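Engineer: Numbering (my numbering), first residue to last: 62 to 343.
So that we are looking at the same thing, I have put the structure below in structure tokens.
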Ligand SMILES: [Ca+2]
Ligand SMILES: [Ca+2]
Ligand SMILES: [Ca+2]
């Protein structure tokens, strides 16, 4: 009789365990970035996500106008893009698109949100943003307006450390020459890739001599000389060897420039261009 009771108890435990594990497997993932279609298929994450929850050196209103322009142009070229004011959404998308085998682009307006890089520079290595640009996907943070990373989303000034920590270049300093309103002349590449880009004045052009380690200037679209042989550049795409990228596009102090169009043109004609991604296919 006692033996029989044990069999029942063991069977009950077995049922409980299998029920619990079943529940776990069936639990829906909290992928708020991917949509689920009517047929139950999970959509792939957006190619491009534009964050407009906070901005520096551009008003939120102007950032939103630029973001809408970029999104519209990307979509008309078959690129999936979304705008979000929610930095938690941005973080989930970044985690989801880290090392997913596809180039993704995150567009920012002078603010590096705390959800992807802790305010106060408390995570010099391994932030969501740093992990994102350290895979061979070629993922790209494309920054407009203020110095890339200078302010966090809660208005904490992180100053120059975020760029240093993201690049693992402890001395990188964009404003070492304290440049204000430096003429940027469009290069040949700039004319080809971004027809909307015309000569303008940059407040935070990138000093090319600061590139160290495996970082290099992958593309220079405007510079102080109008050629790629230059000292300072904006727009510029910096690349970490075969890994990710940081792009600086119109780093200007409330400059009135076509950020929306030029960002879209750089993404369409270079970063996500089929000719660039799949050069062997004709
Ligand atoms: Ca990716
Ligand atoms: Ca780091
Ligand atoms: Ca690193």
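The beta carbon of each residue, even a glycine, is placed where N, CA and C say it ideally should be.
Small disclaimer: the values here were computed from a predicted structure and weren't measured.
Please specify which runs of the alpha helix (DSSP H), each continuous and at least 4 residues long, are wholly inside the stretch 299-329, giving them in chain order.
Structural biologist: The qualifying runs are 320-327.
Engineer: Measuring CB atoms only, is the stretch 186-203 touching the stretch 279-294, in the sense that at least three cross pairs come out at less than 8 Å?
Structural biologist: No contact exists between the stretch 186-203 and the stretch 279-294.
Engineer: Would you kindly report the start and end of the unbroken alpha helix (DSSP H) that includes residue 193?
Structural biologist: Taken as a continuous stretch (DSSP letters only), the alpha helix (DSSP H) holding residue 193 covers 189-193.
Engineer: Can you check whether the C-beta of residue 243 is within less than 9 Å of a C-beta belonging to chain B?
Structural biologist: The structure shown contains no chain B, having only a single protein chain.
Engineer: How long is the line joining the alpha carbons of residue 306 and residue 281, rounded to whole angstroms?
Structural biologist: About 13 Å.
Engineer: Please determine if the stretch 170-187 and the stretch 100-119 are in contact, where contact requires at least 3 C-beta pairs separated by less than 8 Å.
Structural biologist: Taking 8 Å as the limit for Cβ pairs, the verdict is that the stretch 100-119 does touch the stretch 170-187.
Engineer: Mind listing which residues have their beta carbon within less than 6 Å of any non-hydrogen atom of ligand 3? Chain order is fine.
Structural biologist: This selection yields 186, 191, 195 and 229.
Engineer: Only counting the same chain, and skipping five residues up and downstream in sequence, which positions put a Cβ closer than 6 Å to that of residue 204?
Structural biologist: Cβ neighbours of residue 204 beyond the five flanking positions: 169 and 309.
Engineer: Give me, in chain order, the residues of the same chain whose beta-carbon lies closer than 6 Å to that of residue 320; leave out the 5 immediate sequence neighbours on both sides.
Structural biologist: Hits under 6 Å: 127, 205 and 311.
Engineer: Could you tell me how far apart the beta carbons of residue 215 and residue 158 are, in whole angstroms, since I believe they sit closer than 8 Å?
Structural biologist: Rounded, the Cβ-Cβ distance is 24 Å, inconsistent with contact.
Engineer: Helix, strand or coil for residue 336 per DSSP?
Structural biologist: If DSSP states are grouped into helix, strand and coil, residue 336 belongs with the helices.
Engineer: Could you give the C-beta distance for residue 235 and residue 208, rounded to a whole number, given that I count them as a contact under 8 Å?
Structural biologist: At roughly 6 Å, the Cβ-Cβ gap stays under 8 Å, so residue 235 and residue 208 are in contact.
Engineer: Tell me which same chain residues have a C-beta within less than 6 Å of the C-beta of residue 124, skipping the five on either side of it?
Structural biologist: 113, 116 and 170, listed in sequence order.
Engineer: Please give me, in chain order, every unbroken run of the alpha helix (DSSP H) with length at least 4 that falls completely inside the stretch 218-256.
Structural biologist: DSSP runs (the alpha helix (DSSP H)) wholly in the stretch 218-256: 222-228 and 249-254.
Engineer: At the level of alpha carbons, what is the spacing between residue 275 and residue 300?
Structural biologist: Their backbone Cα atoms lie some 8 Å apart in a straight line.
Engineer: Nearest-angstrom Cα distance between residue 102 and residue 231?
Structural biologist: So the two alpha carbons sit approximately 44 Å from each other.
Engineer: For the alpha helix (DSSP H) that contains residue 263, what are its first and last residues?
Structural biologist: Segment 261-263 is the beta strand (DSSP E) holding residue 263; no alpha helix (DSSP H) there.
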